[in-house]
Each structure stands twice: as C-alpha cells, then as structure tokens.
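Below: one structure, written as structure tokens.
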Amino acid sequence: MSTAPPISADRVQKFIEDLEAQKKIVSKCTELFTTLTNHFTSLQNSLSQKSQSLDAKFLSLSSKFSQTLDSLSQRESSLPDRESAAAAHIETLKEAAFAEFKDPKGSAQLSDTLKSLARRMDSAGLVKFIVSKRKESVPLRAEISVALSEAVDPHRLVLEAFEDFVSQKSGKTLGLTDKRWACGMLVHALFPESSWKEKKGKGPEFSRNIGERAAEVVDRWKGQLDGEKEGLTPGEAVMFLHMVVGFELKERFDEGFLRKLVLDFSSRRDMAKLAAALGFDDKMGDIIDELVKNGKEIEAVYFARAAGLTERFPPVSLLKSYQQNSKKNATTILRNGNFSAAATEESKNVELNSIKAIIKCVEDHKLESEFSTDLLRKRATQLEKVKSDRKKSSAAAGKPQNKRSHSAGSARGSGPPAFRPTKAAKFSNVYTPFNRRNPAPSAQQSPAARFSAQYNYVGQNVFEAPAAPYASAYGVTHSQSPAAVTQQHYVHPVENLGVSSFPTSGAYGGQTSYVAYDYGSAAPSVFQPSSSTQ
C-alpha cells in the first residue's frame, strides 16, 4: 500500500505568499479600473455640459442675430422719414438763426439766450452762461432741455462741454466745481430718465463718430477717477454713470467697476434707476442683499422698487429693520460717549436723520397706509425743538457779559477791581439788571402751554425743561462777591432765553407746515438729492 508524500510547510507558505501577491495585483487593477472609469465618466459629463452650453449660446446668438437684422431693417425703412424730419428741423433752425442775425440786439430772457448759444453750438459759452445762472437752477433745468433741441447736434454740443471739463480736470484748473455742475445739468437734459427705458430695443440717436469720441472722453475720465477714488464726489460718480448709460458705453468697462460705483454711492436718488439702466437686472438681488448687510435698508427700498423686487424685499420690513438699527446706533453712541453732552447731541442727530429718511422714503413710495409716520413726525418735531433750544442757549452763552469789568478809578490791566462795600447792596437782586438789559417778551406764549397738550407721548418729559431749577435759582441766597454776581448773570440768561424764544413749529410737525425732507441730504446711509451737480 503506497502513501502520499508529505507536504512541507515551506511549500505551503510560499503558495500562500503567491496568492497574497496575486490578490494585491488584482486589487490594484480593480482600483485603477475604477479610477479610469470615473475619469472617463467625468469627461463625458463635462463634454455633454459644454455641448449643451454651446447649443444654448448658439440659439441665443441666432435669436440676437435675428433681432439685429430686424432692427437694421426697421432703421433702414425709417431712414426716409428721419431724413425728411431732420431736413425740416434744420430748416427751422436755419430760419431761427437768420432771424437772430437780423436782430443783433437779441433778448435778455433766459430761454432765448440758451437757445441762441445752442444754435451756435457754443459749448464753452453755454457752460459759462449756465454757471452764471446757478441761482436760477429750477427754471434753468427746464429751459436747458428746450434749448438743446434747438442745436444742430445736441450730443456733440454736450460732448464738447465734457471734453473741455475732462481736459481742465487733468490740469486742475480753478472753477471745476461749477463746471461739473453745469455739465451735470447738460447731461441730465440730454438723457432724461424717460429716455433710458425708451432706448431698449432701439439704435443710438447719435452718429458712430460721436459714440467713439464719447468713449475716448469717458476712458480718460475713468483714468482720472481711478487716481482720486478718495476724493470722488457722489455727483461726479452719478454723472459718469449717466454718460455711460446715455452713450451706451457699458461694454467698454468692467462690470465690477460699475457695480462698485453703484454700491459706494447708492444713497443718490438716481442711482437705483441708473443701476437698472446699466443692465444689472439679474444681479439687482445680490446688490440689494449687500446693501441690507451694510445697514443701508433705505437705499435697498429704492433699489427694490426700481428693479421690481418688492415681493422679495418688502419695503415695510426694510423700513422697520432700518428703524431698529438706527435706535441701536443712537444708544451705542450714547454709551460709548459715557452720556456726555457731545455724545447726546450726536445721538439725537443720528436719530433725527434716520427719522427724516424714513418719512421721505414712505412719502416717495406712497406707503402711508402700510407704515404710519405719525409718531415719527412727533418725535422729529421734539428733536428739532431740543436742537433749536440748544443752539439758542449756546448763542446766548456766547454773548458778552457786563462790560464794566473794572472800576472807574482803576486802569485796565492793573489788577482786580476794588468793590466798595457801600455799593454791595446794588446787587442784592441780581435779576433786576438782567431784566432791564434783556426784557422777556410778554406776549409770547410759554413753551409748556404750546407743546404739552399737542405732543404728549412716552419719553417727552426727558426733553422738557424742568421747573425745579428755576424755582431754586430764584430762592437761593446770592453772595455779594463779584464771582457770584458773574455766575448768576451767566447761567440764568442761557436757560431763560433757551426756553422763552423757541419757535413754534418744527421741520416735521404733524401740521401742514411740514416740509418734505430731501433724500439726498440725509446721513451716509440714506438717499441724497438727484443731482450730479456737486
């Protein structure tokens, strides 16, 4: 009977090691296969996405190409009508120019002078005349638009004025502020707000040569703005964006640069509509979010209304948030200033400016039914009263006291005057000479009778003048020394004048005398007036 040869342990160990090596090889091949599979799958997905993106861009390009062809066809078909209209307009201007030359005396009226300068295409003379009539800005604004229509080429006339302004700006010529204001008036008249919406889908109203010149001017202007970002005024920033919108130059500038200008000067009233005209419609939501994060809820309301995003950003919610934040800021200023007089004044100014901004925003957007402003108006009236009292008290404190600071027999600068005991009785009642010098008006009603019944709400007693100090001031025994006399003469008139001479109306009272607050003159976080004339 035969037996199987014995299997040695070395052979088994070697066999197992061979199996382990093959297992590692198989595992590594599997891992490599998985990596390659994932890589090729990713490449396939990427190619598929790029293919879809190219298809979408191709469709968009085809659609835009069709729209451009239609626009060109319409412009070509409208050329005869525009040609005849331009010829008629030139003939009218020609007749007006001949009539003006026949009458060399001319007219002294504002409109006639503006039209005459526009017909002559005298940009330098037009700017100089506008600057000279700066005090008549209200009628001037309306007349400039009419005068520009009398020019043969209004766009070239305004562009030449801007070329002169940019050239003088690089040379730091004097009088740039007035010329900047005049150029702002011209560009607002040439490109009114209504023209921004009408331009969509239409070709430019100026020649290609004028467009290229405008691009060169704005490029040079931008180079100057980059070098003086700290000194860039809000009015000039608005004027720059106005030129970009009017001459359709958005494509020549980086979107980030234009967006930064919009955010930095968002408090300007025109900025929200300019942002929409610049084509930020898709990104207006992000701009509004950034404004809210920076504590500019008032500006966010204007931007939301201009972009039609009031459902996403409810104006009432933004106004309430701004009101709460302004209260917190006022309280923080008080605490950081240890409730000093300067901190109190700054805190009240912050609160008053925020109230004015809220009231102005509510009026601009007709939100009275959703956001009541009655308490805000009363609070604004109270703060105005306190501010007026403080100014009058300061003015009274700055008035010179009794000029007889030295005795009649002593020379000036020879030392303190010698008061004789026999004349001490003359100051037994220090308020008698004060009343003789500063008689209080007897017919004027006291502030308590005028304001206590009409403005009665929580927190009013904080700002009312207390009656106790006055009673105690009259009841104390006064010293006969000169220091005591001077102190009584100084303290009492300040308090007396500060209350008795306070005016009866405030800037934001609930009466019909309320004057609407200018949005552009508010604090940095609020909207300022529409003008690029600063």
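Under my numbering, the first residue of the sequence shown is numbered 13, with each subsequent residue one higher.
Every residue, glycine too, gets a C-beta built ideally from N, C-alpha and C.
About 12 Å separates the beta carbon of K360 from that of K403, a gap too long to meet the 8 Å contact definition. Residue range 386 to 409 is occupied by the alpha helix (DSSP H) that includes D386.
In this model, S405 and A226 are separated by some 55 Å (Cα to Cα). Between the C-alpha atoms of L395 and L364 there is a straight-line separation of about 7 Å. Here T47 is exposed: its Cβ has fewer than 16 other Cβ atoms, across all protein chains shown, within 10 Å.
When DSSP states are grouped into helix, strand and coil, G320 belongs to the coil group. Between the C-alpha atoms of P216 and N337 there is a straight-line separation of about 45 Å. In the DSSP annotation of this structure, L244 is not part of any alpha helix (DSSP H), being labelled neither H nor E. V256 and F265 do touch by the CB rule: their CB atoms are close to 7 Å apart, below 8 Å. Taking all protein chains shown into account, E95 has fewer than 16 neighbouring C-beta atoms within 10 Å of its C-beta and is therefore exposed. By a beta-carbon distance limit of 8 Å, V374 does not contact A342. Their separation comes to about 20 Å. The residue from G235, R146, V164, P326 with its alpha-carbon nearest to that of R192 is R146. Counting other Cβ atoms within 10 Å of its Cβ, H254 reaches 16 or more and is therefore classed as buried. Annotation: the continuous alpha helix (DSSP H) that includes Q336 extends over 327 to 348. By the neighbour-count criterion, in which a residue is buried when 16 or more other Cβ atoms sit within 10 angstroms of its Cβ, G235 is exposed. In this structure, I299 and L273 do not form a Cβ contact; the two beta carbons are roughly 12 Å apart against a cut-off of 8 Å. In the three-state reduction of the DSSP assignment, D266 falls in the coil class.
Buried is the label assigned to I370, since at least 16 other Cβ atoms lie within 10 Å of its Cβ. Put simply, the backbone Cα of A408 is about 22 Å away from that of A355. The segment 153 to 170 makes contact with the segment 120 to 134, as at least three CB pairs between them are under 8 Å.
Here H167 carries a helix assignment [DSSP, helix/strand/coil]. One alpha carbon belongs to K262, the other to S207, and they sit about 16 Å apart. For P151, the enclosing alpha helix (DSSP H) has its first and last residue at 149 to 160. DSSP places H377 in the coil class of the three-state scheme, outside both helix and strand.
The distance from the Cβ of G247 to that of F203 is about 16 Å, inconsistent with a contact at the 8 Å cut-off.
Annotation: K308 is outside any alpha helix (DSSP H) and is labelled neither H nor E by DSSP.
Just so you know, the alpha carbons of S384 and D294 end up roughly 32 Å apart. The Cβ neighbour count for R23, taken over all protein chains shown within 10 Å, is under 16; the residue is labelled exposed. The criterion of a C-beta distance shorter than 8 Å is satisfied by E309 and L330.
Between the alpha carbons of C195 and L171 lies a distance of about 9 Å. Rounded to whole angstroms, the separation of the alpha carbons of H51 and K332 is 53 Å.
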